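To start, the structure under review is shown below, and the notes come after it.
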Amino acid sequence: MKGGICKVAETKKWVEPDPKRENWFWPTDELRERAWVSDPKIYEEATADPLAFWEKRAEEITWFKRWDKVYEEEPYAFRWFVGGKLNLSYNSLDRHVEAGKGDKVALIWEPEPPDEPNRTFTYKELLEEVSRLANALKSLGVKKGDRVGIYLPMIPEAVIAMQAVVRIGAVHSVVFSAFSAESLRDRMVDCGAKVLITADGYYRRGKLVSLKPNADKGIAGTSVEKVVVVRRAGNEIPWNEGRDVWYHELVKDQPAECPPEEMDAEDLAFILYTSGTTGKPKGVMHTTGGYAVQAYATCKWDFNLHE
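Those letters in the sequence shown? Residues 871 to 1177, by the working numbering.
Given below as C-alpha cells:
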C-alpha cells in the first residue's frame, strides 16, 4: 500500500512502513488477524445460500417496514427486499445518533491547499447540516422523485448534498467536477434535473479551478430551474439573478431537523452515469434497498469495520 492515505491508520498501529521503500505501508499482524476478509465463513455462507446471506445483511441495517420477500424476478426484471421501507440518510446518520454515537466523528475532510485546516463533523453535526439542506431543497420545490444534479469538487458539501437529496426522497446524479460543460449537459438532460448544486471554484494541484462558468454552460437550455452555489474558493463568478442562490444563504435559517422520507426498497436512490468512452453515457439506476445493503456490506468488510 502506497502513499499518504495511511496517515490515520498508521496512528492506530494498523500498518507498518516498508523498510526498503519510502511511503509504502503494510498491514500489521493484528490487522491481518482482525480483517473480515480472512474469515472463510463469510464466503461459505454466501455460496451455500445467497438469498439467506443477503437477508442476514439486510437485517443489520434499519428498516421502517420489513420486506415481505427477499428477492423475486421475472424476465428482464428482478427486485430485492420486496415491500421493505427504509431511507439511506437515516441509515447513514440518524441510527448512529439514536444509538448514542452522535458525538463520534463521522467525516474528516483534508482540504487542498494543505495549509488550510481540516474540517470534521460528528454524526450529530452532519445530520443537522444534511437536514438544513434537505429543508432548503424542499423550499426550492424539490419533491420525492425529482432529480438533483451534483457538480461539486471533493468538499464536505458533496457528502451533505447526496445525503440531503436521498433524505427527502429525491434522486441525485453526481457529475465529476473535472468533466466538461458538454458532459454535464448530457447527464442533466438525460436525467431531467430540476436543481443543480455546484461551487464557485476549487483548488487542484495548487491551482484555482473556476467551476461555475462550466456549470452555467452545461445547464443552458436544460430543465434545471435553480442553481445552488457553494462558496468554496471565493473567485469571481457569473451570476444569474433569480436562478442562482448561495448555499450558505439558503441553509442558514433552515431547521436542523428534517424527517426522512420512507422509501420503498425498489425506489430509485440515484443515477450514476458511465464514462461514455465507448458511446453516449448510460445512466445506471441504483435502487434504495439493494444499494443500502450492498454498501453496508462493502464498508463493513472491505474497510474492515467492526463497530
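In this text, a Cβ means the ideal position worked out from N, Cα and C, and glycines have one as well.
Note that the coordinates shown come from a computational prediction; the quantities given were computed from them, not determined experimentally.
Decide if residue i is buried, meaning its Cβ has at least 16 other Cβ atoms within 10 Å, or exposed.
i       : result
PRO987  : exposed
LYS974  : exposed
HIS966  : buried
LYS820  : Since the first and last residues shown for the chain are 871 and 1177, residue 820 lies out of range.
GLU892  : exposed
TYR1117 : buried
TYR1143 : buried
PHE1173 : exposed
LYS877  : Because the pLDDT of LYS877 is 42, which lies under 50, any placement of that residue in the model is unreliable, and the number read from its coordinates should be weighed accordingly. Classification of LYS877: exposed, given that the 10 Å Cβ count is below 16.
ALA1031 : buried
GLY1149 : exposed
PHE1140 : buried
GLU1027 : buried
If you run the structure through DSSP and keep just helix, strand and coil, what is residue i?
i       : result
HIS1156 : strand
GLY953  : coil
LEU1142 : strand
VAL1012 : coil
TRP884  : coil
ARG931  : Here the sequence assigns Ile to residue 931, which means Arg is not the residue at that position. Note: ILE931 maps to coil in three-state DSSP.
TRP896  : strand
GLU944  : strand
PHE1049 : coil
ARG1074 : strand
TRP924  : helix
ILE1107 : coil
Report the CB separation of residue i from residue j in whole angstroms; it is logged as a contact under 8 Å.
i       : j       : result
PRO1108 : ASP1134 : PRO1108 to ASP1134, Cβ: 40 Å. No contact.
VAL1018 : LEU1003 : The Cβ separation is near 10 Å, so there is no contact.
GLU903  : TRP896  : No, GLU903 and TRP896 are not in contact; Cβ-Cβ is about 14 Å, not under 8 Å.
Do residue i and residue j have their C-beta atoms closer together than 7 Å?
i       : j       : result
LEU996  : LEU977  : yes
TYR1072 : ALA1103 : yes
GLY1039 : GLU1131 : yes
TRP933  : VAL952  : no
CYS1128 : ASN1005 : yes
VAL1036 : LEU963  : no
VAL1065 : VAL1012 : yes
LEU1138 : VAL1041 : yes
ALA1063 : LEU1081 : no
TYR993  : GLY972  : yes
ARG949  : GLU1136 : yes
ARG1055 : VAL1045 : no
ALA1051 : GLY1091 : no
Let me check one thing: in DSSP terms, what residues is residue i bridge-paired to?
i       : result
ILE1020 : VAL1044, ILE1067
LYS1096 : VAL1065
ASP1134 : LYS955
ILE1038 : None; ILE1038 has no bridge partner.
ALA977  : Note that residue 977 corresponds to Leu in the displayed sequence, not to Ala. DSSP output for LEU977 lists PHE991 as bridge partner(s).
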